[in-house]
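I have placed the structure first, in the form of structure tokens, so that the comments after it can refer back to it.
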Amino acid sequence: MVKDKIQYGKSIIDYELSYSERKTLGIKVHPDKCVQVIAPINTDSSEIKEKLRTKAAWILRQQDFFLSFHPITPARRYVGGETHLYLGKQYRLKIMLGDKESVKLNGGRLEVTLNDLENKPKIKRLLQSWYKSKADVHFNKLFDDSLHVSEYLYDGAPTLKYRWMEKRWGSCDRNGTIHLNLELIKAPKTCIEYVIIHEMCHLAHLNHSSAFYKLLDKMYPNWGETKDRLERLMV
Ligand SMILES: [Zn+2]
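For the sequence shown, our numbering begins at 4 and goes up steadily by one.
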């Protein structure tokens, strides 16, 4: 496999090239936006580049699709009264003075206690670790509950990882690891479940081909509504 690139307008498309016994050029755009090109043996590289240029608009559209799948929550200021989401519900932030640091839900409020009301980075850190502790419970539970989906699709058990991500709700790699964005803990459980199942379907198809959507339709009917809900809520 070799790495190469083409220029198309202002965009550079990087791709991984390999050869196989086939008659036509195969192009796959993976959820991590990586482009994989499989060419017939003995095709020369200028011919490959020429073909890729004719497909460049399509490749960029595919890559864009993954990018559009991203959280757009505006920056929070970590001041009292501000709303913060948790599992699809809004909670008002209340910042309280105290020596023992804590974060807890109390009715419709999300109460953060610390010894310096003005320490915004600290408030942010406390909230993030609270969200992470909630994700530890809910992500793992929802993932385990969805494993029946992956049983059809994958030989072996997929693994779950999560972290704060900038641009995506989730991803799936070729080793069967599904990554979720910790931001998802702010979304309703149905939306988290949708992202998990979407990524599990990538265990069978590492692209957004029509075969992928056919599978997703089967595994999560009406996913479009849930995807819209997720995108509307996380504004
Ligand atoms: Zn996808």
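Heads up, the beta-carbon is just placed ideally off N, CA and C, and yes, glycines get one too.
Neighbourhood of residue i by C-beta, 6 Å cutoff - its chain only, sequence neighbours within 5 removed
i	result
Ile126	Tyr81, Val115
Leu209	His33
Ser23	Ile41
Ser132	none
Pro74	Residue placement at Pro74 is poorly supported in this model, since its pLDDT is 49, which falls under 50; the coordinates still yield a value, given next. Glu186, Met237, listed in sequence order.
Ile15	Lys8
His87	Tyr94, Leu96, Leu113
8 Å contact criterion, which residue i and residue j should meet: CB distance rounded
i	j	result
Tyr94	Gly111	6 Å
Met203	Leu156	7 Å
Same chain, Cβ closer than 8 Å to residue i, five either side skipped, listed in chain order
i	result
Asp47	none
Leu219	Ile200, His201, Cys204, Trp226
Pro43	Tyr22, Ser23, Glu24, Arg25, Lys26, Thr27, Leu28
Unbroken beta strand (DSSP E) run spanning residue i, endpoints
i	result
Tyr22	14-23
Thr180	180-184
Thr162	162-166
Gly29	29-32
Ser174	173-175
Ala42	38-43
Lys6	5-11
Min CB distance residue i to chain B below 8 Å
i	result
Ala42	Checking the listed chains, one finds no chain B in this structure; it contains a single protein chain.
Among the options, the one whose alpha carbon lies nearest that of residue i
i	options	result
Leu20	Gln39, Asp35, Ser49	Gln39
Leu129	Met99, Lys52, Lys58, Asp231	Met99
Leu120	Asp102, Lys6, Glu228, Asn225	Asp102
Gly12	Lys36, Ala59, Leu28, Glu53	Ala59
Arg166	Arg235, Ile44, Asn109, Leu185	Leu185
Lys135	Lys164, Gly179, Ala160, Gly159	Lys164
Arg235	Ala138, Tyr216, Lys189	Lys189
Cys194	Trp172, Asp220, Glu53	Trp172
Lys170	Leu183, Lys52, Asp176, Leu206	Leu183
Cys175	Asn45, Asn122, Val198	Val198
Lys52	Glu85, Tyr18, Ala78	Tyr18
Pro191	Leu233, Leu117, Lys54	Leu233
Ser49	Lys36, Gln10, Leu63, Asp35	Gln10
Where the alpha helix (DSSP H) containing residue i begins and where it ends
i	result
His201	192-204
Gly227	226-236
Asp47	Unbroken run through Asp47: none, as it is neither H nor E.
Ser212	Premise fails: Ser212 is in no alpha helix (DSSP H) and is neither H nor E.
Cβ neighbours of residue i in the same chain (closer than 7 Å, five flanking residues each side left out)
i	result
Met222	Val152, Ile200, Cys204
Gln65	Val32, His211
Lys107	Glu114
Gly159	Gly179
Val5	Leu20
Ala138	Tyr165, Leu185, Ile188
Ser149	Glu196, Ile199, Ile200, Met203
Lys230	Tyr197
Minimum length 3: unbroken beta strand (DSSP E) runs contained in the segment 74-153:
86-89, 92-100, 105-109, 112-117
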